[in-house]
Amino acid sequence: MTDDLEELRARVAAARDQLANDVDYAQKVELRLNDLARIVDGSLARQSA
């Protein structure tokens with residue numbers, strides 16, 4: 010029973026770590042997409058001018 014509980018705790022901790030990593034990755038991707046959108050908007054504005 011104790012082994013099962015320890016295994017469950019380890020799995021929960023691993024899932025939390027993975028979720029935190031996924032959130033960090035998503036935030037980095039979002040920042041890069043926002044940068045890309047600004048670059049494209051700036052290029053289009055210069056072409057229109």
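For the sequence shown, the working numbering assigns the number 10 to the initial residue and increments by one for each residue that follows.
Cβ atoms here follow ideal geometry from the backbone N, Cα and C, with glycine treated the same way.
Predicted, not measured: the structure shown is a model, and the values here were computed from it.
Query raised in the report: How many angstroms separate the CA atom of Leu17 from the CA atom of Ala23?
Result: As a first step, residue 17 is located in the sequence shown; it is residue number 8 there, counting from the start. As a first step, residue 23 is located in the sequence shown; it is residue number 14 there, counting from the start. If you take the alpha carbons of Leu17 and Ala23, they lie about 10 Å apart.
Report task. Reducing DSSP to helix, strand and coil, say where Ala58 ends up. Result -> Within the sequence shown, the letter at position 49 stands for residue 58. It is coil, neither helix nor strand.
**Report entry** Between the CA atoms of Asp33 and Arg20 - distance to the nearest angstrom
**Finding:** As a first step, residue 20 is located in the sequence shown; it is residue number 11 there, counting from the start. As a first step, residue 33 is located in the sequence shown; it is residue number 24 there, counting from the start. In this structure, the CA atom of Arg20 is about 20 Å from the CA atom of Asp33.
Query raised in the report: From Thr11 to Arg25, what distance separates their C-alpha atoms?
Result: Here residue 11 corresponds to residue number 2 of the sequence shown, with the count starting at 1. Here residue 25 corresponds to residue number 16 of the sequence shown, with the count starting at 1. So the alpha carbons of these two residues sit roughly 21 Å apart.
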